[in-house]
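Report on one structure; see the data block that follows.
Structure below.
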C-alpha cells in the first residue's frame, strides 16, 4: 500500500477557531469516524466545542492517541505562531501531526526538528507519495463505485460516505476510498489526487483502490467534474484509474453554472452520464450509472419530492438526496444490476 | 509570458555520445532551428559529429552564445562526472545550462554555486513554472491547431513542426508551441505539460498559446493520447486548455496496440476524432478535424499511396505522411475551412 497513511486514534486540534464553518473538517471526522476521535484540543475556552473530551497532549498520549489532526482551515493556509508550542509538544511526545494546509509542515524547521527527535511523522496530506507509477490499466479484482459530478463542491464526498455507510449496513463488504484531504482523515489513508503530476494521475487512482476479493466494493470519492474547464483532467484521470463498475452522478438542484466559471453553464446530467461511460469504458467496458445524488437543500419538502421524481423518470434511475432521503434506492439498484 | 524561456544562440553539448539515436534531440535542433545552433561541444573525437563548428566555451562566449543545451539523453538521466568541468566553465562564463534530464540541474550544488557566481541560469525543462494558474476557460483571440494521437511517440511533434514550416512558407502567420522538452529547445520556450500538477494542467496549456492577432495560427505540439490508460489525462488537459479551432490526428500505419500496454488495442482514428471533438467542444464549440498524419515508414511506396488514399476516402479528410508527402493537402483544408 503506497497511499498516505494516518494512524488512529486522533486528537482533533481546533486552534482558537470560533466559527463553526471553519472547523467543518473536524466536525466531519466526529460525524463519520467518531470512534477514531479520542478528544479535542482547544487553545481557548471560546474555541468551537465539538463535544469531545478536552485533552492535554500528555492525556492524549496516555490514552494511546497516535496523531494530532489539524481540523481547522486557516485563511492563507499558514501555521499561526500560537499553534507552535502545542504542535511541538505533540511531536516531542511522539504524536504524528497530520494536516492538509497549503503551507507544508515539512517546510517548518522547528517542526521538522521536533519530529526528528522523537521519530514522529509530519503528514502533509496534500503531498502525494514519491513513488507513484504510471497507470498500467490492468483490470483489478473486486467491485468499484465512483461518485462523479456536474461541478465541484456539490456532495461527491458526502454521497460516497453515505453510500459506504448504507451499503455496509445493508451487509455489503464496502470500503470508502479517499482522494482529498478531508476524506483521507476520515478513511485514515488515501492520496490527494489533484496534487499528483498529470503523468501519474491514473496510476495514483490505481493505488487508491487496489485488488480486493470479488464481492468487495470500494466506494471512491470523486473529484472535480469531467466538463470542468479547470479541473476536468483530475476527474478524467481518477475515472480512468479507478476503472469503476458503477458510478453515481452528484448534482445540485438549483445550480445553473460552474461555480466560479460564469461563462460555463452546468452540464446536463445526461451529458455527464454519457461522457463518463465513454471515458470509463477504456478501462472497464461494463461501467454503468446506478443513480443520481442531488443536493436539494434550497428546495422545500414538496419541491424536493417532485424534483427527484421527475429526475428519476427522465433518467430511469434512482434519484436521492442522501442527507434527506437516504441511499436505499441506489443500493437496491446496485443489488439489481450486480 | 510565464512559460520557460531559453536564450539563443545555442552551443549543443554532445558529451562523449557515439550513437546517433542518443543525440536525436541535438539533431532535431540542427534540422529545425539550425540558425540558432552556433556550434557543438564534443568531449572526444569519437563523439557523434552534427557537422557544426566545434567550439570551446571561450569561443562560444566570443560568438555571443547564450545557452549550452544538453543534447544527449543519458540512461538513467543523471549527469556524468566527466561533463562537470565543461558545465561549470560554461556557467562561470555566463552561459545558461539547459537540460531535460531526469536529474535536475538545480539539485547539483556545484552547478548551483557556479550559476550563482556569474548570474547564469540553470534551466530544467521538466520543471514547470511555479505560478501556473487554474485554467480559466476564457476564449483567447487568434487561431490554434493541436496535433493529437492514437498513441504516444508516433509523430505529433514532427507533424506540428512540419505543419508550422509549411504554413509559414504558405504565407500564414504561424508559431510552433512546445509542450515537451525537445520541442521547447526548438521553440525556445514552452512548458513540459506532463510534469504539471493535474489541478493546473489546463491552466498551463492556456499559458502556452496566449492571445494573438485574429489571423495568427499557433500550432501546438500534442502529448500522450486521449485513449491512453496512463497518459490520457495529459492529452485531456492540453486539449481543454489549448481550445483548438483545428486538430490533426497522428497515427502509425502498422501499430496495432498502445506501445507498452499490450492489453490496449490502438483506438480507431474515427473514435479519436469523435472523442477529441466531444472534449474540445467544452472550450471551443467550433473545433474540427482538418487532417490525418500517418507514420508510414514501414510501408513501401505503393503500399503508402493506397493506404493514404483509402484513409482519405474513409474519413473524407486529407491524409499525409509529412516526412514523405509533405503537408500541402492539410494546408489546403485549413484554407478551405477557415
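Residue numbers (the working numbering), protein chains in the order written: chain G, 331 to 668; chain Z, 331 to 668. We treat Cβ as the ideally placed atom computed from N, Cα and C, and that holds for glycine.
Collapsed DSSP secondary structure at residue i in the structure displayed
{"i": "residue 442 (chain G)", "result": "helix"}
{"i": "residue 541 (chain G)", "result": "coil"}
{"i": "residue 279 (chain Z)", "result": "Absent from the model: residue 279 (chain Z). The displayed extent of chain Z is 331 to 668, so no value can be given."}
{"i": "residue 548 (chain G)", "result": "strand"}
{"i": "residue 507 (chain G)", "result": "strand"}
{"i": "residue 285 (chain G)", "result": "Only positions 331 to 668 of chain G appear in the structure, and residue 285 (chain G) is not among them; the question remains open."}
{"i": "residue 634 (chain G)", "result": "helix"}
{"i": "residue 594 (chain Z)", "result": "coil"}
{"i": "residue 453 (chain Z)", "result": "strand"}
{"i": "residue 556 (chain Z)", "result": "coil"}
{"i": "residue 392 (chain Z)", "result": "helix"}
{"i": "residue 563 (chain G)", "result": "helix"}
{"i": "residue 654 (chain Z)", "result": "coil"}
{"i": "residue 523 (chain Z)", "result": "helix"}
{"i": "residue 372 (chain Z)", "result": "coil"}
{"i": "residue 660 (chain Z)", "result": "helix"}
{"i": "residue 435 (chain G)", "result": "helix"}
{"i": "residue 365 (chain G)", "result": "helix"}
{"i": "residue 338 (chain G)", "result": "coil"}
{"i": "residue 403 (chain G)", "result": "coil"}
{"i": "residue 645 (chain Z)", "result": "helix"}
{"i": "residue 622 (chain Z)", "result": "strand"}
{"i": "residue 427 (chain G)", "result": "strand"}
{"i": "residue 581 (chain Z)", "result": "strand"}
Below-8 angstroms beta-carbon distance, residue i vs any chain G residue
{"i": "residue 547 (chain Z)", "result": "no"}
{"i": "residue 413 (chain Z)", "result": "no"}
{"i": "residue 384 (chain Z)", "result": "no"}
{"i": "residue 526 (chain Z)", "result": "yes"}
{"i": "residue 562 (chain Z)", "result": "yes"}
{"i": "residue 559 (chain Z)", "result": "yes"}
{"i": "residue 531 (chain Z)", "result": "yes"}
{"i": "residue 552 (chain Z)", "result": "no"}
{"i": "residue 468 (chain Z)", "result": "yes"}
{"i": "residue 479 (chain Z)", "result": "no"}
{"i": "residue 507 (chain Z)", "result": "no"}
Buried versus exposed, by CB contacts within 10 Å (16 or more), residue i
{"i": "residue 499 (chain G)", "result": "exposed"}
{"i": "residue 374 (chain G)", "result": "exposed"}
{"i": "residue 558 (chain G)", "result": "buried"}
{"i": "residue 437 (chain G)", "result": "exposed"}
{"i": "residue 393 (chain G)", "result": "exposed"}
{"i": "residue 364 (chain G)", "result": "exposed"}
{"i": "residue 573 (chain Z)", "result": "buried"}
{"i": "residue 544 (chain G)", "result": "exposed"}
{"i": "residue 486 (chain G)", "result": "buried"}
{"i": "residue 581 (chain Z)", "result": "buried"}
{"i": "residue 489 (chain G)", "result": "buried"}
{"i": "residue 351 (chain Z)", "result": "exposed"}
{"i": "residue 376 (chain Z)", "result": "exposed"}
{"i": "residue 396 (chain Z)", "result": "buried"}
{"i": "residue 440 (chain G)", "result": "exposed"}
Residue-chain proximity (residue i, chain Z), Cβ-Cβ < 8 angstroms
{"i": "residue 577 (chain G)", "result": "no"}
{"i": "residue 474 (chain G)", "result": "no"}
{"i": "residue 592 (chain G)", "result": "no"}
{"i": "residue 349 (chain G)", "result": "no"}
{"i": "residue 433 (chain G)", "result": "no"}
{"i": "residue 394 (chain G)", "result": "no"}
{"i": "residue 513 (chain G)", "result": "no"}
Cβ-Cβ separation, residue j to residue i (assumed contact under 8 angstroms), whole Å
{"i": "residue 614 (chain Z)", "j": "residue 546 (chain Z)", "result": "About 16 angstroms separates the two Cβ atoms, so there is no contact after all."}
{"i": "residue 347 (chain G)", "j": "residue 433 (chain G)", "result": "At roughly 17 angstroms, the Cβ-Cβ gap does not stay under 8 angstroms, so residue 347 (chain G) and residue 433 (chain G) are not in contact."}
{"i": "residue 564 (chain G)", "j": "residue 493 (chain G)", "result": "Contact doesn't hold; Cβ gap of about 21 angstroms is too wide."}
{"i": "residue 429 (chain Z)", "j": "residue 400 (chain Z)", "result": "4 angstroms"}
{"i": "residue 338 (chain Z)", "j": "residue 518 (chain Z)", "result": "6 angstroms"}
{"i": "residue 501 (chain G)", "j": "residue 524 (chain G)", "result": "That belief does not hold up - the Cβ atoms of residue 501 (chain G) and residue 524 (chain G) are roughly 34 angstroms apart, past 8 angstroms."}
{"i": "residue 384 (chain G)", "j": "residue 372 (chain G)", "result": "6 angstroms"}
{"i": "residue 507 (chain G)", "j": "residue 538 (chain G)", "result": "5 angstroms"}
Legend entry - Stretch pair the segment 544-553 of chain Z + the segment 561-571 of chain Z: three plus CB contacts closer than 8 angstroms: yes
Legend entry - Three or more C-beta pairs below 8 angstroms linking the segment 524-534 of chain G and the segment 452-468 of chain G: Flag = yes, the segment 524-534 of chain G and the segment 452-468 of chain G touch.
Inset, instruction - Say whether the segment 476-488 of chain G touches the segment 632-642 of chain G, bearing in mind that this needs 3 or more beta-carbon pairs closer than 8 angstroms, one atom from each stretch. - result: no
Inset, instruction - Would you be able to state if there are at least three C-beta pairs under 8 angstroms between the segment 409-427 of chain Z and the segment 438-457 of chain Z? - result: Cβ pair count under 8 angstroms is three or more, so yes.
Inset, instruction - Pair every Cβ in the segment 585-600 of chain G with every Cβ in the segment 511-525 of chain G, then say whether three or more of these pairs are closer than 8 angstroms. - result: In this structure the segment 585-600 of chain G does not touch the segment 511-525 of chain G; the number of beta carbon pairs closer than 8 angstroms is below three.
Inset, instruction - Would you be able to state if there are at least three C-beta pairs under 8 angstroms between the segment 657-664 of chain G and the segment 375-390 of chain Z? - result: In the pairwise beta carbon analysis, the segment 375-390 of chain Z is classified as not touching the segment 657-664 of chain G: fewer than three pairs are separated by under 8 angstroms.
Inset, instruction - Evaluate contact between the segment 613-632 of chain Z and the segment 646-658 of chain Z, counting only Cβ atoms and requiring at least three cross-stretch pairs below 8 angstroms. - result: yes
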